[in-house]
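In this note's numbering, the protein residues as written are 3 to 334.
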């Protein structure tokens, strides 16, 4: 399976995060202050002219209360629950398989290169899924549900259950002796998640149904393999990003699993992401061209396997600094 790479799309939002600061009124209070003076003539007890005496006059005055806050600014940042954990290359492959699976990713500095001077933003993502084969293992259907956490300055952070994806595969060529395979499929992502975000004008960010047709292959070379997937991500709301993705992965199994010692397969992946819309960094929604390289290893004990990997973007401005990936699969 691919370990994955994609972190999502960036939306323009207003956050409160330096480097400048301003005074913000947060309420009022009543204070007793001098509101004037009063002058009186005082006659001394002894003989003599009267003396003029001026005294202050006090009263209750309502005054504003301020606090110092960072100056609001507009930044491009991810919205928890949008366009994340939905790709066919997220802990998945072109091959239909009976399995349950889990995935975890942590994105350090996501969107930081797009917002110089703003505090760093990070994102964590977990997802659970299952896949069940049909038609003599030549097709499958599955579901996947992510959960996301965005850690950023006030106005951009949040946690959310992501959107539910329904995944289907059909291997129109499936050589079960060699393991070679060609397949097509569709991922339909429904806007079921509870993540929310607003643009600077107060309007909500779009929440589309995402259609993801794809085609892929697996070619075995003894203990080695190469697999590839080409996919399109098409939103039902034209304001959202349309994306073309191309991914390739190579791996080589070093050994067979034996007792407590797992079979180890180092892997290398390259993911090219080409947005077909929303390419303007000054727009409300933005996605840049990306070439993301993932390196890691799979460790398999019989039906159970775990994977660890890191993903680094190559093209600037980089969508994140580095991604840490952990996946687990159980075949049944």
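Every residue gets a Cβ at the ideal spot worked out from N, C-alpha and C, and that includes glycine. All values reported here derive from a predicted model rather than from experimental measurement.
By the C-beta criterion, the segment 47-54 is judged not to be in contact with the segment 144-158, since fewer than 3 inter-stretch pairs fall below 8 Å. Look at residue 114 here: in three-state DSSP terms it is helix.
Per the coordinates, the alpha-carbon of residue 271 lies some 38 Å from the alpha-carbon of residue 205. The three-state reading of DSSP puts residue 294 in strand, counting E and B together. Boundaries of the beta strand (DSSP E) around residue 221: 212-223. A Cβ-Cβ contact shorter than 8 Å links residue 141 with residue 171. Counting the other CB atoms within 10 Å of its CB gives residue 133 a total of 16 or more, which places it among the buried residues.
Between residue 81 and residue 17, the C-beta spacing is not below 8 Å. Under the three-state reduction of DSSP output, residue 209 falls in the coil class, being neither helix nor strand. Pairwise C-beta distances place the segment 280-290 out of contact with the segment 259-269, as fewer than three of them are shorter than 8 Å. Residue 105 sits in a strand when the DSSP states are folded into three classes.
Residue 79 has 13 as its beta-bridge partners, per DSSP. Under DSSP, residue 145 takes part in a beta bridge, and its partners are 132 and 168. The straight-line gap separating the alpha-carbon atoms of residue 233 and residue 203 is approximately 33 Å.
DSSP places residue 256 in the coil class of the three-state scheme, outside both helix and strand. Sequence-distant partners of residue 257 (beyond 5 residues in either direction) whose C-beta falls short of 7 Å from its own C-beta, in its chain, are 265 and 266. Residue 268: member of the beta strand (DSSP E) spanning 265-277, first to last residue. Within the DSSP secondary-structure output, residue 30 pairs in a beta bridge with 66.
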